[in-house]
Amino acid sequence: SNLSFRQTFQVWRTLLGKIWPLWVFNFVITLVDAAFWTVGIIFSEQMRGTHPAGGLIITAYMFPPIFMGFLLPKITVRLGKKKTAFISALFAATFVLLFGLASNVYLLILLVFAGSVLLSIANPALYAAYEDYVSRLGKFNNDMIGLEQTASSVGYVIGPLLAGGIAATAGVQQTFVFTGALLLVTSVVCLIVVPKKIRMPQKELAETIY
Numbered sequence: 001s002n003l004s005f006r007q008t009f010q011v012w013r014t015l016l017g018k019i020w021p022l023w024v025f026n027f028v029i030t031l032v033d034a035a036f037w038t039v040g041i042i043f044s045e046q047m048r049g050t051h052p053a054g055g056l057i058i059t060a061y062m063f064p065p066i067f068m069g070f071l072l073p074k075i076t077v078r079l080g081k082k083k084t085a086f087i088s089a090l091f092a093a094t095f096v097l098l099f100g101l102a103s104n105v106y107l108l109i110l111l112v113f114a115g116s117v118l119l120s121i122a123n124p125a126l127y128a129a130y131e132d133y134v135s136r137l138g139k140f141n142n143d144m145i146g147l148e149q150t151a152s153s154v155g156y157v158i159g160p161l162l163a164g165g166i167a168a169t170a171g172v173q174q175t176f177v178f179t180g181a182l183l184l185v186t187s188v189v190c191l192i193v194v195p196k197k198i199r200m201p202q203k204e205l206a207e208t209i210y
């Protein structure tokens, strides 16, 4: 749709009024991922220096997304897409937080693997929920896609800076305590505030154009 900048801003504001918890959730889950790809790699290398299995930490994070996709439909049918995303992120956050506190290499590998498995459920479930809204928005569908993408883009810009800052000041593992705690709180808030059905503001959107 050929909207002016002002109209697009209005449309995004109207949509955000409905989906802001999902946007924040998307942003925070991206922060967690960005932290792993920046500080997690450094931490994995540090652990390799103290234990031969240390290098497997980052492998344990990379592996689950490859095989988790086929399990997702079975889970979302039972819980619903949004609830699946929030509950799996809640458990993932707990493992990430514990990963920030543990010191045994094998425990670290187990925690990061478990966290990654759950994030591999949360992420696609979130995108599946977004897809539902996109399909309901008609000519505004690209605005929803754009809004969704900004959450990830901002997360991947801020994530490495934030993770690097925490690692430099508080220590590498503290990064995971922080990102884990942040995702934990966000998931709980989303479970409380997000309704089972989010109604798309069709009427308000139409009014922003005409």
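Straight run, no breaks: the sequence shown in UniProt numbering ends on number 210. C-beta atoms are modelled at their ideal positions from N, C-alpha and C, and glycine is treated no differently.
Give the straight-line distance between the Cα atoms of residue i and residue j, rounded to the nearest whole angstrom.
| i | j | result |
| --- | --- | --- |
| Leu15 | Gly146 | 11 Å |
| Ser44 | Gln7 | 47 Å |
| Pro160 | Pro64 | 22 Å |
| Met144 | Leu118 | 25 Å |
| Val112 | Ser135 | 35 Å |
| Ile58 | Gln10 | 42 Å |
| Asp132 | Pro52 | 46 Å |
| Gly141 | Ile158 | First, the amino acid is wrong: residue 141 is Asn here, not Gly. Their Cα atoms are separated by approximately 26 Å. |
| Gly165 | Lys203 | 44 Å |
| Pro195 | Leu79 | 13 Å |
| Ser4 | Leu31 | 31 Å |
| Gly54 | Tyr127 | 32 Å |
| Ala170 | Gly155 | 21 Å |
| Tyr130 | Glu148 | 8 Å |
| Val185 | Gly49 | 34 Å |
| Gly180 | Phe86 | 14 Å |
| Ala60 | Ile41 | 11 Å |
| Thr208 | Pro201 | 11 Å |
Among residues of its own chain, excluding the 5 on either side of residue i, which ones have a beta-carbon nearer than 7 Å to its beta-carbon?
| i | result |
| --- | --- |
| Leu101 | Val177 |
| Gly115 | Ala92, Phe95, Val96, Phe99 |
| Leu56 | Ile109 |
| Ile75 | Thr84, Ile121 |
| Leu205 | Val11, Thr14, Phe140 |
| Ala151 | Trp23, Asn26, Phe27, Thr30 |
Please state whether DSSP places residue i in a helix, a strand or coil.
| i | result |
| --- | --- |
| Ala167 | helix |
| Ser120 | helix |
| Ile41 | helix |
| Phe194 | A small fix is needed here, since residue 194 is Val in this sequence, not Phe. Note: Val194 maps to coil in three-state DSSP. |
| residue 212 | Look at the range of the chain in this structure, 1 to 210, and you will see that residue 212 is not part of it. |
| Asn104 | coil |
| Leu147 | helix |
| Leu137 | coil |
Which same chain residues, not among the five before or five after residue i, have their C-beta less than 6 Å away from its C-beta?
| i | result |
| --- | --- |
| Ala163 | Ala35, Thr38, Val39, Thr175 |
| Asp33 | none |
If you measure from the beta carbon of residue i to each beta carbon in chain C, is any gap under 7 Å?
| i | result |
| --- | --- |
| Leu71 | Considering every chain present, this structure includes no chain C. It has just one protein chain. |
- Message: Would the segment 172-189 count as touching the segment 18-29 if we require 3 or more Cβ pairs under 8 Å?
- Response: yes
- Segments assigned alpha helix (DSSP H), at least 4 residues, entirely inside the segment 3-86: 5-35, 41-50, 56-62, 64-68, 72-79
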